Amino acid sequence: GDIHNFNISVGASDEFMEAVKNDSEYPLRSLSDPSDPKSTKIEVGKLRARKVFEKIVQGAWKNGEPGMIFLDEVNRNSPVIHLGKITATNPCGEQPLLPNESCNLGSIDVGKFVIYDSSGPKIDWNDLSKVIRLSIRFLDNVIDANKYAVEPIKKMTYGTRKLGLGVMGFADLLVKLQIPYDSKMGIELGRKLMLFFKNEADAESLSLAKERGPFPEWNNSKQKGRGEPKYRNACRLTVAPTGTISMIAGASSGIEPIFSLAFRKQNILGGETLYYVDGNFEKMANDEGFYSEELLEYLSNGGSLQDRQDVPDNIKRLFRVSSDISPEDHVLMQAAFQESTDAGISKTINFPNTASIEDVESAYMLAWETKCKGITVYRAGSRDKEVLTTGHSKQEYGDESTDLTDQIKSYVVERDRPQALSGITRRVRTGRGNLFVTINVADDGRPFEVFATHGKAGGNDAAMAEAVSRMASLSLRCGINPQDVVEQLRGITDVPSWDGGELIRSVPDAIALVLEQLVNKPPESIKDLRNSDSHQSEMFASRSPKELGLPTTASIDVIQSKPKVEVTVGETQLCPECSYGLAHEEGCVKCYSCGFSKC
16 GDIHNFNISV GASDEFMEAV KNDSEYPLRS LSDPSDPKST KIEVGKLRAR KVFEKIVQGA
76 WKNGEPGMIF LDEVNRNSPV IHLGKITATN PCGEQPLLPN ESCNLGSIDV GKFVIYDSSG
136 PKIDWNDLSK VIRLSIRFLD NVIDANKYAV EPIKKMTYGT RKLGLGVMGF ADLLVKLQIP
196 YDSKMGIELG RKLMLFFKNE ADAESLSLAK ERGPFPEWNN SKQKGRGEPK YRNACRLTVA
256 PTGTISMIAG ASSGIEPIFS LAFRKQNILG GETLYYVDGN FEKMANDEGF YSEELLEYLS
316 NGGSLQDRQD VPDNIKRLFR VSSDISPEDH VLMQAAFQES TDAGISKTIN FPNTASIEDV
376 ESAYMLAWET KCKGITVYRA GSRDKEVLTT GHSKQEYGDE STDLTDQIKS YVVERDRPQA
436 LSGITRRVRT GRGNLFVTIN VADDGRPFEV FATHGKAGGN DAAMAEAVSR MASLSLRCGI
496 NPQDVVEQLR GITDVPSWDG GELIRSVPDA IALVLEQLVN KPPESIKDLR NSDSHQSEMF
556 ASRSPKELGL PTTASIDVIQ SKPKVEVTVG ETQLCPECSY GLAHEEGCVK CYSCGFSKC
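Going by my numbering, the first residue of the sequence shown is number 16, and it counts up by one from there.
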């Protein structure tokens, strides 16, 4: 709960979960030889399982972190356990893999397989069968057509030939069949649908094995040991996030319920605001005569259809969105799909803001008891505020009256700004969008000022970038060691993202990164910035603060480290591309307005 946006999962064993259930202790084990991962594990202590579990649950209630992955359930179903135990999953939770295995994923929009006759709507099972089989064949071809940058990945991928065919548009399918998501019929249809996927995918993998041979690790696999027929692929199914592709296809996400019936599309067509309305809902609203612009405005502003008196009860029952569905039904739907899924399932268990810690605890236990392989939760509004810590309390500021004037004078070196300065500009991709950082240096090669421009003008992100760069510039002009500025900013975390293999935790972290790279550049290269066309690529050589003639640590050490004091400040969860509200589903984060997705 102290950090967020990392999609962290805690690996839990059955032994641990049983100890939680029985309120007993569980053993802590460590390798007898830490340098040898195959060495014997020895017991080094014990902890009360419920106490640890409560910390996990409290963090999840606080801001959705961490989720859990049930490792024994994962390995119980691993067909190639002889290659090693799976100890981790990808962030979204749908693909627990061995070292050097790769994801090869695809999703079928099941909402497109509804046909109508005199008896009403029904699933076109024949057509769906054809598409499932074609998709399995296609994904198997991808393994051979792919170019592998790393040989161990190629070897492992060829060895197990795992696939990950999955589902999207499930909520659309239910609506077309007029089955509520959180009903017994809805959950049973989910179970039946994924069993059909399994049977058809297995049959096509068997057919491929006859044509092309089974996966090379077949002879040592658990499947052979159980006397199962030869498959071309060790695994065939998974339910991956479909945040972007489902939006392109105009389908609901994965096996999630409908997230929102209406939302705005802004800043398009010269600033005109348009509404996106769920197609099935729009048609039914028109057919039933309750469609209106006022209703769209109401729904797009977060209003609940369940509170509308002008909407028939059967329509409200059918169009219950994610926030209307109980966490228990979320988990039961995931469990129904998990029964026939080789790998894992990416799904978010949504809670109302009023949910208690005990509610989250119950969902975690239910996920384990129903044999889900993992669980991700999100309590509405739990990331609307961010807890920051300071190194002092309000009272400590009032009690200290030490005169710092002499110490400050001995430290600050006033530097007038020259008419012209040279510097570098680097674009950094942050979780809030592109950031352009410019650092100018003085004639002596020391960093003098920082400018940071966010890709989107206005708003909190641009204001934060300007505030941080102003304070960094003031510090540099006053002679503070640039490395001290870096250390203050580096590691601040907001919405993490990757840029060229570098983890960028936030806008301040990005500014610190560029400043640090400049500080570590050779002095002669800094002075030659104006004359060099290739200074961007040469600026990362090693350089210590001493080489710049700067102090290695700050000279003022008056305010000592104090106990942490929590201060709550507002933080909205906005899209880094268009500033629209973000949606938490499929174990991921995405924007319905512009299509941005973290996954």
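Virtual Cβ for every residue (Gly too), placed ideally from N, Cα, C.
On a predicted model such as this, the values are computed, not experimentally measured, just so you know.
Ignore the nearest five residues each way along the sequence and tell me which others in A487's own chain have a CB closer than 6 Å to its CB.
Locating residue 487 in the sequence shown gives position 472, where the first residue counts as 1. Only V465, V500 meet the Cβ criterion.
If you run the structure through DSSP and keep just helix, strand and coil, what is P42?
The residue labelled residue 42 in the question sits at position 27 within the sequence shown. In the displayed model, P42 falls within a strand according to three-state DSSP.
From the DSSP output, which residues share a beta bridge with A103?
Numbered from 1 along the sequence shown, position 88 holds the residue referred to as residue 103. Bridge partners of A103: none, in fact.
Does the distance from the C-beta atom of S24 to that of G269 stay below 8 Å?
On the sequence shown, position 9 is the one that residue 24 refers to. On the sequence shown, position 254 is the one that residue 269 refers to. Not in contact: S24 and G269 (Cβ atoms no closer than 8 Å).
At which residues does the alpha helix (DSSP H) containing D217 begin and terminate?
Residue mapping note: residue 217 aligns to position 202 of the sequence shown, counting from 1. First-last of the alpha helix (DSSP H) with D217: 199 to 227.
Using the beta-carbon count (16 or more within 10 Å), is R227 buried or exposed?
On the sequence shown, residue 227 is found 212 positions in, with the first residue counted as 1. R227 should be labelled exposed.
Rounded to whole angstroms, how far is the Cβ of I519 from the Cβ of V443, which I believe are closer than 8 Å?
Residue 519 sits at position 504 when you count from the first residue of the sequence shown. Residue 443 sits at position 428 when you count from the first residue of the sequence shown. About 6 Å; that satisfies the 8 Å criterion.
Proximity below 8 Å, CB of L98 to CB of E232
Locating residue 98 in the sequence shown gives position 83, where the first residue counts as 1. Locating residue 232 in the sequence shown gives position 217, where the first residue counts as 1. Yes.
Are the CB atoms of E78 and G602 nearer to each other than 8 Å?
Against the sequence shown, residue 78 aligns to sequence position 63. Against the sequence shown, residue 602 aligns to sequence position 587. According to the sequence as given, residue 78 is Asn; it is not Glu. Not in contact: N78 and G602 (Cβ atoms no closer than 8 Å).
Which of the three DSSP states is assigned to E30 in this structure?
As a working mapping, residue 30 is identified with position 15 in the sequence shown. Helix.
Cross-strand partners of S24 (DSSP beta bridge)
Counting from 1 along the sequence shown, the entry for residue 24 is found at position 9. DSSP, once it has assigned bridges, lists G82 as partnering S24.
Spell out a yes or no on whether the stretch 253 to 263 and the stretch 128 to 147 are touching, meaning 3 or more CB-CB pairs, one atom from each, closer than 8 Å.
no
Ignore the nearest five residues each way along the sequence and tell me which others in I454's own chain have a CB closer than 7 Å to its CB.
Residue mapping note: residue 454 aligns to position 439 of the sequence shown, counting from 1. Only G438, I439, P462, V465, V529, L530, L533 meet the Cβ criterion.
If you check the beta carbons only, do S45 and V59 fall under 8 Å apart?
Along the sequence shown, one-based indexing puts residue 45 at 30. Along the sequence shown, one-based indexing puts residue 59 at 44. In contact: S45 and V59 (Cβ atoms closer than 8 Å).
Examine the Cβ distances between the stretch 153 to 162 and the stretch 110 to 125 and report whether three or more of them are shorter than 8 Å.
yes
State the beta-bridge partners of S512 as determined by DSSP.
Along the sequence shown, one-based indexing puts residue 512 at 497. Answer by DSSP bridge pairing, in chain order: I519.
Same chain, Cβ closer than 6 Å to N235, neighbours up to 5 away in sequence not counted:
Locating residue 235 in the sequence shown gives position 220, counting from the first residue. Excluding sequence neighbours, N235 sits near H97.
With a 10 Å radius around its C-beta and 16 neighbouring C-beta atoms as the bar for buried, classify A598 as buried or exposed.
Position 583 of the sequence shown, counted from the start, is the residue given in the question as residue 598. So A598 ends up on the buried side.
Which whole-angstrom value is the C-beta distance of I364 and V72, which I expect to be below 8 Å?
Within the sequence shown, numbered from 1, the residue matching residue 364 stands at position 349. Within the sequence shown, numbered from 1, the residue matching residue 72 stands at position 57. Going by Cβ atoms, the distance from I364 to V72 rounds to 12 Å, so no, they are not a contact pair.
Quick one: what's got a C-beta closer than 6 Å to Q615's C-beta in the same chain, skipping five residues either side?
Because the chain spans 16 through 614 in this model, residue 615 falls outside it and cannot be assessed.
Own chain partners of N115 with C-beta closer than 6 Å, once the 5 adjacent residues on each side are dropped
The residue labelled residue 115 in the question sits at position 100 within the sequence shown. Within the same chain, N115 has close Cβ partners P167, I168, M171.
Apart from the five residues on each side of it in sequence, which residues of its chain come closer than 8 Å, Cβ to Cβ, to A457?
What you label residue 457 is simply residue 442 of the sequence shown in a count that begins at 1. Taken in chain order, the residues that qualify are R430, P433, L436, F463.
How many Å lie between A527 and E30 at the Cα?
Along the sequence shown, read from residue 1 onward, the residue named residue 527 stands at position 512. Along the sequence shown, read from residue 1 onward, the residue named residue 30 stands at position 15. Each residue's alpha carbon lies about 44 Å from the other.
Measure the beta-carbon distance from K191 to G294 and round it to whole angstroms, keeping in mind my assumption that it falls under 8 Å.
Counting from 1 along the sequence shown, the entry for residue 191 is found at position 176. Counting from 1 along the sequence shown, the entry for residue 294 is found at position 279. 10 Å between Cβ atoms; not a contact.
Three-state secondary structure (DSSP) of D124
On the sequence shown, position 109 is the one that residue 124 refers to. Note: D124 maps to strand in three-state DSSP.
Using a Cβ-Cβ cut-off of 8 Å (strictly less than) and excluding sequence neighbours within five positions of Y607, which residues of its own chain qualify?
Against the sequence shown, residue 607 aligns to sequence position 592. These residues qualify, in order along the chain: M262, F274, S275, F278, Y291, Y595, A598.
May I have the straight-line CA-CA distance separating D3 from P272, to the nearest angstrom?
No answer is possible for residue 3: the residues shown for the chain start at 16 and end at 614.
Scan the stretch 237 to 263 and note each continuous beta strand (DSSP E) run of 3 residues or more that stays entirely inside, going in chain order.
For the stretch 237 to 263, not a single whole beta strand (DSSP E) run of length 3 or above is found.
Using the three-state DSSP reduction, which class does S377 fall into: helix, strand or coil?
The residue given as residue 377 occupies position 362 in the sequence shown. DSSP places S377 in helix when its eight states are reduced to three.
Is the beta carbon of A525 sitting closer than 8 Å to the one on T445?
Locating residue 525 in the sequence shown gives position 510, where the first residue counts as 1. Locating residue 445 in the sequence shown gives position 430, where the first residue counts as 1. Yes, the pair counts as a contact, with Cβ atoms nearer than the cut-off.
Under the three-state DSSP convention, the category G389 falls into
As a first step, residue 389 is located in the sequence shown; it is residue number 374 there, counting from the start. G389: strand per DSSP, three-state reduction.
Under a Cβ-count criterion, where at least 16 other Cβ atoms within 10 Å of its own Cβ denotes burial, should V392 be classed as buried or exposed?
In the sequence shown, residue 392 corresponds to position 377, counting from 1. Label assigned to V392: buried.
Closer than 8 Å, CB to CB, is Q238 near chain D or not?
Absence of chain D from the displayed structure is noted, only one protein chain being present.
According to the neighbour-count rule (16 or more other Cβ atoms, all chains shown, within 10 Å of its Cβ), is P229 buried or exposed?
Sequence index remark: in the sequence shown, residue 229 carries index 214 (1-based). That one is buried.
What separation, rounded to the nearest whole angstrom, lies between the Cα atoms of P136 and P511?
Stepping through the sequence shown from its first residue, residue 136 is reached at position 121. Stepping through the sequence shown from its first residue, residue 511 is reached at position 496. Between P136 and P511, the C-alpha separation is close to 44 Å.
Please go through the same chain and pick out, in chain order, the residues whose beta-carbon is closer than 6 Å to the beta-carbon of N593, but skip the five residues on each side of it.
The count along the sequence shown starts at 1 and reaches residue 593 at position 578. Sequence inspection shows Cys at residue 593; the Asn mentioned does not correspond to that position. Take C593, set aside five residues on each side of it, and the residues of its chain with a beta-carbon closer than 6 Å to its own are S608, C609, in chain order.
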